[in-house]
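Numbering-wise (our numbering), the sequence shown opens with residue 1115 and increments by one. Heads up, the beta-carbon is just placed ideally off N, CA and C, and yes, glycines get one too. Since this is a predicted model, take the numbers as computed values, not measurements.
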Amino acid sequence: MSDAAPLAVFGAGGKTGTEILRHAVHKGIEVRAFEHTLPEPSDRVDNVEYLQCDVLNDDFSSELEGCRAVISALGIGFSPSTAIDPPPLYTEGTRRLVEAMSTTRISRIVVISAAFVEPQPSVPAWFELTARPALHNILEQMRVMEDLLERAKGLEWTAARPGWLLDEPYTGEAVISDERLAEGCFRCRHADLAAAMLEFVCENTWVNAKPAIARPEADRFENVSALKAELGID
1115 MSDAAPLAVF GAGGKTGTEI LRHAVHKGIE VRAFEHTLPE PSDRVDNVEY
1165 LQCDVLNDDF SSELEGCRAV ISALGIGFSP STAIDPPPLY TEGTRRLVEA
1215 MSTTRISRIV VISAAFVEPQ PSVPAWFELT ARPALHNILE QMRVMEDLLE
1265 RAKGLEWTAA RPGWLLDEPY TGEAVISDER LAEGCFRCRH ADLAAAMLEF
1315 VCENTWVNAK PAIARPEADR FENVSALKAE LGID
């Protein structure tokens, strides 16, 4: 597939998805943006084709025709209900993406997983003791998704494993390491994750791998109070 062919971005209306679109447009890369609920016109990225799509129920194979790769920014927002019973976006959603890719002869996919699908020595103990149990069911879905990708025949996949995501501006300073977070790295900005995922596709790097992505941040972003505030915990 030509490098000029468009990229298909799923979950394009979320924080990471929107950043992927911005980075792509800045680089002059054509993208097709798939989203369950289309963003308001004022929230859309200019020069991007938006398509409404429910990955769990719709047939979107025809919309993938002509794309060179898929980037999945599908994600599940944290709430008490999703923590207990998360929708199968990572598992069934990714399986349906892979099936549609097979139909349209697309072999390259980059997805969002999480560093915390396995123990991370560099992560603070308080995070392991509090956040990991709360996120167990979501992380288990991600683990199953990674296994699905590993078992798929003829697929060139990358499971990006960001640290604890942070909604702050792009830095270009993310540290990328194999499977486990680098020492001193705990958090990952959405914009830095987006840039890394786009680079994995455009440079064809980290194929059939699970790169961990994060960078050191100020203490105000890495302490217990920050976790509570971002998860809405009193």
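Query raised in the report: Taking one C-beta from the stretch 1162–1179 and one from the stretch 1234–1253 each time, how about it: are there three or more such pairs within less than 8 Å?
Result: no
Query raised in the report: Leaving out the 5 sequence neighbours to the left and right, which residues in its chain are closer than 7 Å to ALA1138 when beta-carbon positions are compared?
Result: Working through the sequence shown from its first residue, we reach residue 1138 at position 24. Correct list, in chain order: LEU1121, VAL1145 and LEU1312.
Query raised in the report: Which first and last residues belong to the beta strand (DSSP E) in which GLU1149 is found?
Result: Taking the first residue of the sequence shown as 1, we reach residue 1149 at position 35. Run containing GLU1149: 1145–1149, per the beta strand (DSSP E) assignment.
Query raised in the report: What number of angstroms, rounded off, separates the C-alpha of PRO1201 from the C-alpha of TRP1278?
Result: Residue 1201 sits at position 87 when you count from the first residue of the sequence shown. Residue 1278 sits at position 164 when you count from the first residue of the sequence shown. Using only the alpha carbons, I get a separation of about 20 Å.
Report task. Starting from LEU1280, follow the beta strand (DSSP E) in both directions and report where the run begins and ends. Result -> The count along the sequence shown starts at 1 and reaches residue 1280 at position 166. Taken as a continuous stretch (DSSP letters only), the beta strand (DSSP E) holding LEU1280 covers 1278–1280.
Query raised in the report: Exposed or buried, which one is PRO1325 when buried takes at least 16 other CB atoms within 10 Å?
Result: Here the question's residue 1325 lines up with position 211 in the sequence shown. With a 10 Å radius around the Cβ and a threshold of 16 neighbouring Cβ atoms, PRO1325 comes out buried.
Requested in this report: Starting from GLU1270, follow its DSSP beta bridges and name the residues at the other end.
Outcome: Taking the sequence shown and counting its residues from 1, one reaches residue 1270 at position 156. According to DSSP, which records beta bridges pairwise, GLU1270 is partnered with ARG1222.
Query raised in the report: Does the beta-carbon of ILE1198 have 16 or more other beta-carbons within 10 angstroms, so that it is buried, or is it exposed?
Result: Translated into positions along the sequence shown, residue 1198 becomes position 84. Here ILE1198 is exposed: its Cβ has fewer than 16 other Cβ atoms, across all protein chains shown, within 10 Å.
Query raised in the report: For HIS1150, which residues from the same chain have a beta carbon less than 6 Å from its beta carbon, with the 5 sequence-adjacent residues on both sides left out?
Result: Locating residue 1150 in the sequence shown gives position 36, where the first residue counts as 1. Sequence-distant Cβ neighbours of HIS1150 in its own chain, meaning closer than 6 Å and more than five residues away, are ASP1168.
Query raised in the report: The beta strand (DSSP E) with ARG1303 in it runs from where to where?
Result: Counted from its first residue, the sequence shown places residue 1303 at position 189. Its beta strand (DSSP E) spans residues 1301–1303.
**Report entry** PRO1155 in three-state terms, based on DSSP
**Finding:** Here residue 1155 corresponds to residue number 41 of the sequence shown, with the count starting at 1. Reduced to three states, the DSSP call for PRO1155 is helix.
**Report entry** Assumed close pair THR1196, VAL1159 - CB separation to whole angstroms, cut-off 8 Å
**Finding:** As a working note, residue 1196 is residue 82 in the sequence shown. As a working note, residue 1159 is residue 45 in the sequence shown. Wrong, their Cβ atoms sit about 26 Å apart, outside the cutoff.
Query raised in the report: Quick one: what does DSSP say TYR1284 is sitting in, helix, strand or coil?
Result: To locate residue 1284, count along the sequence shown from 1; it is residue 170. Of the three classes helix, strand and coil, the one that applies to TYR1284 here is coil, per DSSP.
Query - Option in ARG1219, ALA1245, SER1186 and ALA1328 with minimal Cα separation from GLY1128 - result: Looking up residue 1128 in the sequence shown gives position 14. The shortest C-alpha to C-alpha distance from GLY1128 to any of ARG1219, ALA1245, SER1186 and ALA1328 is the one to SER1186.
**Report entry** Beta-ladder partner(s) of ASP1292, from DSSP
**Finding:** Translated into the one-based positions of the sequence shown, residue 1292 becomes position 178. Beta-bridge pairing links ASP1292 to PRO1325.
**Report entry** Endpoints, alpha helix (DSSP H) assigned at PHE1335
**Finding:** In the sequence shown, counting from the first residue as 1, residue 1335 sits at position 221. Here the alpha helix (DSSP H) through PHE1335 covers 1333–1336.
Query raised in the report: If we ignore side chains and look at the alpha-carbon of each, how far apart do VAL1225 and THR1272 end up?
Result: Position 111 of the sequence shown, counted from the start, is the residue given in the question as residue 1225. Position 158 of the sequence shown, counted from the start, is the residue given in the question as residue 1272. The straight-line gap from Cα to Cα measures roughly 6 Å.
Query raised in the report: Which value, in whole angstroms, describes the spacing of the CA atoms of THR1130 and TYR1284?
Result: In the sequence shown, the residue the question calls residue 1130 occupies position 16. In the sequence shown, the residue the question calls residue 1284 occupies position 170. Straight through space, the alpha carbons of TYR1284 and THR1130 are spaced by roughly 11 Å.
Query raised in the report: Under a Cβ-count criterion, where at least 16 other Cβ atoms within 10 Å of its own Cβ denotes burial, should HIS1304 be classed as buried or exposed?
Result: Position 190 of the sequence shown, counting from 1, holds the residue named residue 1304. So HIS1304 counts as buried.
Requested in this report: Please confirm whether ALA1328 and LEU1295 have their CB atoms less than 7 Å apart.
Outcome: Taking the first residue of the sequence shown as 1, we reach residue 1328 at position 214. Taking the first residue of the sequence shown as 1, we reach residue 1295 at position 181. In this structure, LEU1295 lies closer than 7 Å to ALA1328 by Cβ.
Query - C-alpha gap between PHE1123 and LEU1269, whole angstroms - result: Stepping through the sequence shown from its first residue, residue 1123 is reached at position 9. Stepping through the sequence shown from its first residue, residue 1269 is reached at position 155. Residue 1123 is actually Val in this sequence, not Phe. C-alpha of VAL1123 to C-alpha of LEU1269: approximately 17 Å in a straight line.
Query raised in the report: Which value, in whole angstroms, describes the spacing of the CA atoms of THR1244 and HIS1250?
Result: In the sequence shown, counting from the first residue as 1, residue 1244 sits at position 130. In the sequence shown, counting from the first residue as 1, residue 1250 sits at position 136. So the two alpha carbons sit approximately 10 Å from each other.
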